[in-house]
Amino acid sequence: MSFQVFGLPVSRGVAIGRAVLVASSRIDVAHYFVDETRVDAEVARLRVARDAVAGELSLLKRDLPAEAPGELAALLDVHLMLLHDDSLTGATKQWIHERHYNAEWALSAQLEVLARQFDEMEDDYLRERKADLEQVVERLLRALARGPGASFAAAPAVGARDFGGEEPLVLVANDIAPADMLQFKGSVFTGFVTDVGGKTSHTAIVARSMDIPAVVGAREASRIIRQDDWVIIDGDNGIVIVNPSPIVLEEYRFRQRQSELERERLSRLRHTPAVTLDGERIELLANIELPVDAKSALESGALGVGLFRSEFLFMNRGGELPGEDEQFEAYRAAVEAMNGLPVTIRTVDIGADKPLERMSVNELRHEHALNPALGLRAIRWSLSEPGMFRQQLRAILRASAYGKVRMLFPMVAHLSEVKLTLEALAKAKQQLTDAGRAFVDVEIGAMIEVPAAALVLPIFLRHFDFVSIGTNDLIQYTLAIDRADEAVSHLYDPWHPAVLGLIASTIQQARNAGKHVSVCGEMAGDPAFTELLLGMGLRSFSMHPAQIASIKQRILRTDARRCATVLPELLASDDPELRSRSAEVGGASRLIAGGR
Ligand code: PEP
Ligand code: MG
Numbered sequence: 172m173s174f175q176v177f178g179l180p181v182s183r184g185v186a187i188g189r190a191v192l193v194a195s196s197r198i199d200v201a202h203y204f205v206d207e208t209r210v211d212a213e214v215a216r217l218r219v220a221r222d223a224v225a226g227e228l229s230l231l232k233r234d235l236p237a238e239a240p241g242e243l244a245a246l247l248d249v250h251l252m253l254l255h256d257d258s259l260t261g262a263t264k265q266w267i268h269e270r271h272y273n274a275e276w277a278l279s280a281q282l283e284v285l286a287r288q289f290d291e292m293e294d295d296y297l298r299e300r301k302a303d304l305e306q307v308v309e310r311l312l313r314a315l316a317r318g319p320g321a322s323f324a325a326a327p328a329v330g331a332r333d334f335g336g337e338e339p340l341v342l343v344a345n346d347i348a349p350a351d352m353l354q355f356k357g358s359v360f361t362g363f364v365t366d367v368g369g370k371t372s373h374t375a376i377v378a379r380s381m382d383i384p385a386v387v388g389a390r391e392a393s394r395i396i397r398q399d400d401w402v403i404i405d406g407d408n409g410i411v412i413v414n415p416s417p418i419v420l421e422e423y424r425f426r427q428r429q430s431e432l433e434r435e436r437l438s439r440l441r442h443t444p445a446v447t448l449d450g451e452r453i454e455l456l457a458n459i460e461l462p463v464d465a466k467s468a469l470e471s472g473a474l475g476v477g478l479f480r481s482e483f484l485f486m487n488r489g490g491e492l493p494g495e496d497e498q499f500e501a502y503r504a505a506v507e508a509m510n511g512l513p514v515t516i517r518t519v520d521i522g523a524d525k526p527l528e529r530m531s532v533n534e535l536r537h538e539h540a541l542n543p544a545l546g547l548r549a550i551r552w553s554l555s556e557p558g559m560f561r562q563q564l565r566a567i568l569r570a571s572a573y574g575k576v577r578m579l580f581p582m583v584a585h586l587s588e589v590k591l592t593l594e595a596l597a598k599a600k601q602q603l604t605d606a607g608r609a610f611v612d613v614e615i616g617a618m619i620e621v622p623a624a625a626l627v628l629p630i631f632l633r634h635f636d637f638v639s640i641g642t643n644d645l646i647q648y649t650l651a652i653d654r655a656d657e658a659v660s661h662l663y664d665p666w667h668p669a670v671l672g673l674i675a676s677t678i679q680q681a682r683n684a685g686k687h688v689s690v691c692g693e694m695a696g697d698p699a700f701t702e703l704l705l706g707m708g709l710r711s712f713s714m715h716p717a718q719i720a721s722i723k724q725r726i727l728r729t730d731a732r733r734c735a736t737v738l739p740e741l742l743a744s745d746d747p748e749l750r751s752r753s754a755e756v757g758g759a760s761r762l763i764a765g766g767r
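This is the structure we're talking about:
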């Protein structure tokens with residue numbers, strides 16, 4: 172039966188593929204294809220793992236102390252029975268044979284199928300056996316990791332092998348943590364759907380940086396879509412169509428081809444300078460998460476990196492944070508890859524929906540902090556860990572000896588934070604000087620992403636060389652809307668006059684003070700806002716590399732002076748209808764065109 176699920180569009184385009192359901196807790200299982208010649212060996216790996224687990228369970232049973240309750244032996248029997256049941260290992264083999272999934276992936280795919288069957292059982296006792304099944308699979312996964320061929324299984328490139336002739340796959344999950352999303356970069360998946368998340372949640376941001384269609388906040392998607400269902404992800408409209416009819420499928424295949432052609436056409440703008448019709452030269456920069464992303468930044472024609480989200484180096488490391496040398500190597504790699512173009516490295520923005528360790532949004536919300544977005548995150552976290560902070564500052568400073576580096580501090584709101592940050596920087600420089608390490612006196616900037624910072628901007632401008640407006644958080648904090656919460660996503664409104672007023676005044680004041688100002692939030696990469704931001708006087712935009720060409724196309728067709736003329740009307744408008752309508756049909760362009 173065909174049906175649709177609605178969510179939030181976060182990454183454009185159309186993906187069509189078979190659904191791969193992955194539970195959040197099993198997201199770190201390696202996903203890759205094995206080629207024809209390795210299929211038998213992969214099945215053998217599974218067999219060896221199964222025999223090892225059978226041995227483990229039998230030993231456990233044999234060694235049960237005499238006083239152990241009888242239920243324990245019975246439970247081990249259930250586990251042994253599940254282990255040998257054809258619906259687990261037999262069907263897993265089938266995934267390997269037919270789909271060429273690696274053993275771990277095949278096993279977790281089959282677990283999703285069986286877990287759902289258990290969920291649907293009427294009988295309480297049988298339904299509760301799902302936990303046993305999960306334990307057996309956990310044991311099998313551990314045995315696979317220990318067994319022969321495990322090093323191949325643990326290969327870091329998740330699904331890097333492209334298995335020609337296979338059907339395309341799309342990932343469906345309740346939630347994917349931002350750091351986990353990152354591991355799917357360059358993977359086998361051609362699209363993503365998650366039940367939770369807002370449009371500018373970090374999971375959505377990473378999905379967008381991968382430039383493949385994605386829908387988040389699709390609520391029940393992972394519950395009602397089944398393993399292997401055919402799925403269309405309409406990333407432009409936030410629609411997921413499950414088991415589409417042949418006519419719908421044909422229509423979407425057509426749209427898919429159109430959007431590929433459009434991308435190809437846009438990519439020809441790579442070397443074209445971004446200049447408006449009235450001759451204003453615009454700087455287009457890239458947002459990156461890891462040093463390897465510098466490659467796509469360069470390929471997109473970016474004039475530098477406007478935001479390197481360094482926190483991704485710190486996530487999912489089992490409590491062990493990267494030391495100064497490791498960080499230095501990462502920053503240096505990005506700086507060298509950019510061939511002399513500027514790289515703006517933001518100090519860690521840990522916290523809120525980017526925890527150090529893997530956690531789902533629900534865990535974050537309900538188990539760890541009442542309001543993580545208002546808690547110890549970004550510069551607050553860094554200042555609470557002075558040793559770690561100085562280590563990062565030294566690592567960034569050392570990278571400055573290899574190219575043009577700028578340093579950016581997230582979420583600064585208090586003058587006391589500015590002072591402490593500058594003191595930490597001075598100390599880090601002194602330590603490097605004492606140690607005879609080379610570094611350059613880098614430019615420093617503040618992210619303007621808390622309304623308080625925007626409202627006291629002149630004070631901030633005295634201390635910083637540049638500012639970068641983080642619209643994602645600025646909207647969140649101005650409107651009191653959790654950006655990761657799909658339940659309030661309809662109120663997350665970049666067109667709100669309070670938001671526009673803060674952005675416009677920040678740009679204006681920075682320009683008046685002769686300080687460089689950029690926007691690095693998602694608004695910079697959304698063509699709906701290009702004319703508006705140009706009208707506000709913005710001349711530097713930082714975004715995912717994949718967005719650069721379409722923003723450039725907008726810029727080439729825009730007269731910035733005209734946009735500035737109609738800006739007061741837009742900012743003064745008290746007609747919310749007009750604003751939201753203009754947002755729907757391509758943003759300010761409507762208003763601006765109307766004002767001509
Ligand atoms: C922002 O808040 O707009 C921003 C660019 O930072 P992040 O999305 O990483 O919070
Ligand atoms: Mg931010």
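Our numbering numbers the first residue of the sequence shown as 172 and each following residue consecutively.
Virtual Cβ for every residue (Gly too), placed ideally from N, Cα, C.
Owing to the predicted nature of the structure, the values given are computational and were not obtained by experimental measurement.
What alpha helix (DSSP H) runs, 4 residues minimum, are completely inside the region 671-756? 701-706, 719-727, 731-743, 747-755
Identity of the residues DSSP links to N458 by a beta bridge: L478
Just list the residues that DSSP pairs S639 with in beta bridges. Under DSSP, S639 shares a beta bridge with M618, S689.
One question on the structure: do D664 and L650 come within less than 8 Å of each other, judged by their Cβ atoms? yes
Considering only heavy atoms of ligand 2, does any lie closer than 7 Å to the CB of N643? yes
Considering only their Cβ atoms, is the gap separating A624 from A617 smaller than 8 Å? yes
In its own chain, which residues sit with a C-beta less than 6 Å from the C-beta of T260, not counting the 5 before and 5 after it? R221
Would you please verify whether the beta carbon of G477 is less than 8 Å from any beta carbon of chain C? The displayed structure is made up of one protein chain only, and chain C is not part of it.
Less than 7 Å separating the Cβ of D524 from some heavy atom of ligand 2? Outside the cutoff, so no.
My assumption, with CB atoms under 8 Å, is that A280 sits in contact with V413. Please give the rounded CB distance. Actually they do not touch by this definition, with Cβ atoms about 17 Å apart.
For a test of your reading of the model: does the CB of D653 fall under 7 Å from any non-hydrogen atom of ligand 2? Yes or no. no
Does the beta-carbon of Q429 have 16 or more other beta-carbons within 10 angstroms, so that it is buried, or is it exposed? exposed
Among V308, Q288, D524, which residue has its Cα nearest to the Cα of H255? V308
At a cut-off of 7 Å, is L478 close to ligand 1 when judged by its beta-carbon and the heavy atoms of the ligand? yes
Please confirm if the region 701-717 is in contact with the region 371-384, defined as three or more CB-CB distances below 8 Å between the two stretches. yes
Answer yes or no: do G406 and R218 have a C-beta to C-beta separation smaller than 8 Å? no
Taking just the CA atoms, how far does V446 sit from R189? 42 Å
Spatial neighbours of L727 within its chain, please: C-beta separation below 8 Å, excluding the five flanking residues on both sides. L440, T443, A445, V446, T447, L448
Could you tell me the boundaries of the beta strand (DSSP E) in which R561 lies? Per DSSP, R561 belongs to no beta strand (DSSP E); it is in the alpha helix (DSSP H), 557-570.
So, at 8 Å on beta carbons, what are the nonlocal neighbours of A684 in its own chain, with the 5 sequence-adjacent residues on each side left out? So the list reads P629, L632, once near-sequence residues are dropped.
What does a CB cutoff of less than 8 Å around K264 pick up in its chain, not counting 5 residues either side in sequence? V214, L217, A277
Considering only heavy atoms of ligand 1, does any lie closer than 7 Å to the CB of K620? A quick correction: the sequence has Glu, not Lys, at residue 620. Yes, the Cβ of E620 comes within 7 Å of a heavy atom of ligand 1.
In or out: P240 buried (at least 16 other Cβ within 10 Å) or exposed? exposed
At a threshold of 7 Å, does I376 count as lining ligand 1 (C-beta to nearest heavy atom)? Yes, since a heavy atom of ligand 1 falls inside the 7 Å radius drawn around the Cβ of I376.
M352: first and last residue of the uninterrupted alpha helix (DSSP H) it sits in: 349-353
Which of helix, strand or coil DSSP assigns to Q601: helix
Going by the C-beta, is P581 closer than 7 Å to any heavy atom of ligand 2? yes
Determine which residues share a DSSP beta bridge with P180 and list them. V386
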